[in-house]
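Enquirer:
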Amino acid sequence: MELMRAARLHVPSRTLTVEDVPRPAPGPRQVLVRVEAAGVCLSDVHVIDGTLTPAYLRAEAVTLGHEVAGTIAALGPDVTGWTTGQRVVLQAGETRDGRVLTRGIDYDGGWAQYALADVATLFRLPDSIPFEQGAIIPDAVSTPWGAITTTAGVKPAQAVGVWGVGGLGAHAVQLLRAVGAYPIIAVDPAPAARRRALDFGADLALDPADAQLRERILAATGDRALAVALDFAGVPAVREQALTVLAPKGRLVLVGLTDRPLTVTDGTRFSYLQHQILGHYGSEEDAVPQLIALAEGGRLDFSRSITDVLPLDDAAKAVQRLLTKEGDPIRLILRP
Numbered sequence: 045m046e047l048m049r050a051a052r053l054h055v056p057s058r059t060l061t062v063e064d065v066p067r068p069a070p071g072p073r074q075v076l077v078r079v080e081a082a083g084v085c086l087s088d089v090h091v092i093d094g095t096l097t098p099a100y101l102r103a104e105a106v107t108l109g110h111e112v113a114g115t116i117a118a119l120g121p122d123v124t125g126w127t128t129g130q131r132v133v134l135q136a137g138e139t140r141d142g143r144v145l146t147r148g149i150d151y152d153g154g155w156a157q158y159a160l161a162d163v164a165t166l167f168r169l170p171d172s173i174p175f176e177q178g179a180i181i182p183d184a185v186s187t188p189w190g191a192i193t194t195t196a197g198v199k200p201a202q203a204v205g206v207w208g209v210g211g212l213g214a215h216a217v218q219l220l221r222a223v224g225a226y227p228i229i230a231v232d233p234a235p236a237a238r239r240r241a242l243d244f245g246a247d248l249a250l251d252p253a254d255a256q257l258r259e260r261i262l263a264a265t266g267d268r269a270l271a272v273a274l275d276f277a278g279v280p281a282v283r284e285q286a287l288t289v290l291a292p293k294g295r296l297v298l299v300g301l302t303d304r305p306l307t308v309t310d311g312t313r314f315s316y317l318q319h320q321i322l323g324h325y326g327s328e329e330d331a332v333p334q335l336i337a338l339a340e341g342g343r344l345d346f347s348r349s350i351t352d353v354l355p356l357d358d359a360a361k362a363v364q365r366l367l368t369k370e371g372d373p374i375r376l377i378l379r380p
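The opening residue of the sequence shown carries number 45 in our numbering; numbering runs sequentially from there.
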């Protein structure tokens with residue numbers, strides 16, 4: 045039996061260990077991918093700390109990692125159209141029996157030397173895109189892309205606010221610029237995050253504790269307020285604040301995950317202004333190939349997104365760095 049290294053989470057105890065496990069073999073419609081890069085996401089942190097619990101996991105332990113890029117190492121029976129050695133990115137999840145499952149949460153993911161993938165979740169990664177940058181496209185880029193283009197339906201010249209400029213929020217700013225939103229207003233309590241927002245294309249970056257925040261947003265939008273507010277922080281206070289600066293018929297899109305209750309303090313104002321609150325998770329199946337094409341064509345640049353690359357055995361260190369924001373990471377990458 046061939047073994048491989050994998051970062052495994054024992055869910056009942058929330059214990060993360062890097063250990064030797066059997067290397068999987070691809071079944072029908074599956075390929076085995078040699079992992080070259082795997083992103084570390086705040087969702088991984090929340091699974092480890094217990095904020096999130098796998099809904100469909102059939103075992104007590106799971107290999108984490110839903111942002112994965114690598115090369116095809118082996119093909120399962122009846123797999124056509126793919127060859128060993130091809131560079132690929134894996135979709136962050138798949139649909140089974142009508143259920144949307146997340147890689148690295150509901151089934152084994154890519155914090156390992158090898159990962160299994162259904163052929164329907166494979167996308168070709170051009171040579172011009174490094175593995176580290178390709179790996180983060182599923183989720184770190186595709187989730188805000190879906191929130192902006194599908195759930196929020198942002199149109200050119202619409203004013204948009206981004207609360208939380210971490211791994212997803214920073215890409216949201218970049219993507220909003222790409223679709224023509226204006227002005228783009230970022231809100232984050234961390235000075236480093238606000239500087240990052242401006243570097244990625246925000247027109248204005250504000251501290252949520254600023255007593256003049258509403259007035260500054262109205263001034264920046266010509267008194268229009270925001271057509272869309274995107275919550276990437278997953279914090280109740282953020283949602284309350286965002287609702288106060290929405291234009292009539294404005295949309296608040298909840299991207300950041302939290303187990304805290306959702307409340308609307310002023311229900312009359314909410315109804316009178318016909319505000320909407322929309323939940324968002326993941327992205328449509330065509331998001332990843334769209335983003336790969338835009339990156340290959342030079343429309344998007346993810347080179348600034350990779351803060352550091354660490355060996356797989358340092359998975360726990362990467363999680364801790366993301367949790368404490370040591371070094372102000374956008375995305376940390378594990379390399380098996």
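By construction, the Cβ of each residue, glycine as well, lies at the ideal position given by its N, Cα and C atoms.
Because the structure is a prediction, the values reported are computed rather than measured.
According to DSSP, what are the bridge partners of P252?
Expert: Working through the sequence shown from its first residue, we reach residue 252 at position 208. Answer by DSSP bridge pairing: none, since P252 is not bridged.
Enquirer: Which full runs of the beta strand (DSSP E) of 3+ residues lie inside the region 303-374, going along the chain?
Expert: Segments of the beta strand (DSSP E) lying fully in the region 303-374: 320-323 and 350-355.
Enquirer: When you compare the CB positions of A191 and H324, do they come within less than 7 Å of one another, or not?
Expert: Within the sequence shown, residue 191 is the residue found at index 147, counting from 1. Within the sequence shown, residue 324 is the residue found at index 280, counting from 1. In contact: A191 and H324 (Cβ atoms closer than 7 Å).
Enquirer: Is L366 buried or exposed, if buried means 16 or more other CB atoms sit within 10 Å of its CB?
Expert: Residue mapping note: residue 366 aligns to position 322 of the sequence shown, counting from 1. Classification of L366: buried, given that the 10 Å Cβ count is 16 or more.
Enquirer: Using a Cβ-Cβ cut-off of 7 Å (strictly less than) and excluding sequence neighbours within five positions of T309, which residues of its own chain qualify?
Expert: On the sequence shown, position 265 is the one that residue 309 refers to. E284.
Enquirer: L381 and V204 look like a contact to me (Cβ under 8 Å); what is the Cβ gap, rounded to whole Å?
Expert: The structure shown does not extend to residue 381, since the chain is modelled only from 45 to 380, so the question has no answer here.
Enquirer: Is it buried or exposed for A196, if we count other Cβ within 10 angstroms and need 16 for buried?
Expert: Taking the first residue of the sequence shown as 1, we reach residue 196 at position 152. Flag for A196 reads buried.
Enquirer: At which residue ranges does the region 78-149 contain complete alpha helix (DSSP H) runs of 4 or more residues, listed in the order of the chain?
Expert: 86-93, all fully within the region 78-149.
Enquirer: Is the distance from the Cβ of P121 to the Cβ of P72 below 7 Å?
Expert: Mapped onto the sequence shown, residue 121 falls at position 77. Mapped onto the sequence shown, residue 72 falls at position 28. It is a contact, given that the beta carbons lie within the stated cut-off.
Enquirer: Which of the three DSSP states, helix, strand or coil, is assigned to I173?
Expert: To locate residue 173, count along the sequence shown from 1; it is residue 129. Three-state result, I173: coil.
Enquirer: What is the rounded straight-line gap between the Cα of D171 and the Cα of A362?
Expert: For the purposes of this step, residue 171 is taken as the residue at position 127 of the sequence shown. For the purposes of this step, residue 362 is taken as the residue at position 318 of the sequence shown. Distance between the alpha carbons of D171 and A362: 27 Å.
Enquirer: Below 8 Å on the Cβ atoms is my guess for I336 versus F167; work out the distance and round it to an integer in Å.
Expert: As a working mapping, residue 336 is identified with position 292 in the sequence shown. As a working mapping, residue 167 is identified with position 123 in the sequence shown. Contact flag correct, Cβ pair sits at about 6 Å.
Enquirer: So P373 packs on D352, CB below 8 Å; how close in whole Å?
Expert: As a working mapping, residue 373 is identified with position 329 in the sequence shown. As a working mapping, residue 352 is identified with position 308 in the sequence shown. About 7 Å separates the two Cβ atoms, so the contact holds.
Enquirer: Indicate whether the contact test is met: 3 or more Cβ pairs, each with one atom in the region 106-115 and one in the region 239-254, closer than 8 Å.
Expert: Not touching, per the Cβ criterion.
Enquirer: So, Q38 versus A234, is the Cβ gap smaller than 7 Å?
Expert: Residue 38 is absent from the model: the chain starts at 45 and stops at 380.
Enquirer: Considering Cα atoms alone, identify which of D141, V65 and G109 is closest to L378.
Expert: Position 334 of the sequence shown holds residue 378. The shortest Cα separation from L378 among D141, V65 and G109 belongs to G109.
Enquirer: Classify G211 as helix, strand or coil using the three-state DSSP reduction.
Expert: Along the sequence shown, read from residue 1 onward, the residue named residue 211 stands at position 167. Note: G211 maps to helix in three-state DSSP.
Enquirer: So, with DSSP's three-state summary, where would you put L301?
Expert: If you number the sequence shown from 1, residue 301 lands on position 257. Three-state DSSP puts L301 in coil, outside helix and strand.
Enquirer: Just mark A255 as buried or exposed, buried being the case when its beta carbon has 16 or more other beta carbons within 10 Å.
Expert: What you label residue 255 is simply residue 211 of the sequence shown in a count that begins at 1. Per the 10 Å Cβ criterion, exposed.
Enquirer: Am I right that A277 and G300 are in contact with their C-beta atoms under 8 Å? What's the rounded C-beta distance?
Expert: Here the question's residue 277 lines up with position 233 in the sequence shown. Here the question's residue 300 lines up with position 256 in the sequence shown. Indeed they touch by this definition, with Cβ atoms about 5 Å apart.
Enquirer: Going straight from the alpha carbon of L287 to that of L296, what length do you get?
Expert: Counting from one through the sequence shown, the residue named residue 287 turns up at place 243. Counting from one through the sequence shown, the residue named residue 296 turns up at place 252. Approximately 7 Å between the Cα atoms of the pair.
Enquirer: By the DSSP assignment, the alpha helix (DSSP H) with I9 in it spans what residues?
Expert: An answer regarding residue 9 cannot be provided, because it is not within the stretch 45 to 380 covered by the chain.
Enquirer: With DSSP run on the structure shown, which of helix, strand or coil describes P235?
Expert: Residue mapping note: residue 235 aligns to position 191 of the sequence shown, counting from 1. In the structure shown, P235 sits in a helix (DSSP, three-state: H, G or I).
Enquirer: Going by the beta-carbon positions, is the gap between G211 and R49 smaller than 7 Å?
Expert: As a working mapping, residue 211 is identified with position 167 in the sequence shown. As a working mapping, residue 49 is identified with position 5 in the sequence shown. No, Cβ-Cβ distance for G211 and R49 is not below 7 Å.
Enquirer: So, under 8 Å CB-CB, A179 and A81 are touching, yes? Tell me the CB distance rounded to an integer number of Å.
Expert: For this step, residue 179 is matched to residue 135 along the sequence shown. For this step, residue 81 is matched to residue 37 along the sequence shown. Contact flag correct, Cβ pair sits at about 4 Å.
Enquirer: State the start and end residues of the unbroken alpha helix (DSSP H) segment that holds T187.
Expert: Against the sequence shown, residue 187 aligns to sequence position 143. S186 to G190 is the span of the alpha helix (DSSP H), which, as asked, contains T187.
Enquirer: How many Å lie between L21 and I149 at the Cα?
Expert: The shown model of the chain, from 45 to 380, leaves out residue 21, and the question about it has no answer.
Enquirer: Assign Q318 to buried or exposed, taking buried as 16 or more other Cβ atoms, counted over all protein chains shown, within 10 Å of its Cβ.
Expert: As a first step, residue 318 is located in the sequence shown; it is residue number 274 there, counting from the start. It counts as exposed.
Enquirer: So, is L270 buried or exposed, given that buried needs 16 or more other C-beta atoms within 10 angstroms?
Expert: In the sequence shown, the residue the question calls residue 270 occupies position 226. By the neighbour-count rule (16 or more Cβ atoms within 10 Å), L270 is buried.
Enquirer: If you compare alpha carbons, which of E46, V84 and T95 is closest to R304?
Expert: Counted from its first residue, the sequence shown places residue 304 at position 260. Considering only alpha carbons, the answer is T95.
Enquirer: Rank V223, I173 and G208 by C-alpha distance to the C-alpha of V193 and give the top, closest one.
Expert: In the sequence shown, counting from the first residue as 1, residue 193 sits at position 149. In the sequence on display, residue 193 carries Thr and not Val. Cα-wise, what sits closest to T193 is V223.
Enquirer: Mark P227 as exposed unless 16 or more other C-beta atoms lie within 10 angstroms of its C-beta, in which case mark it buried.
Expert: Position 183 of the sequence shown, counting from 1, holds the residue named residue 227. Per the 10 Å Cβ criterion, buried.
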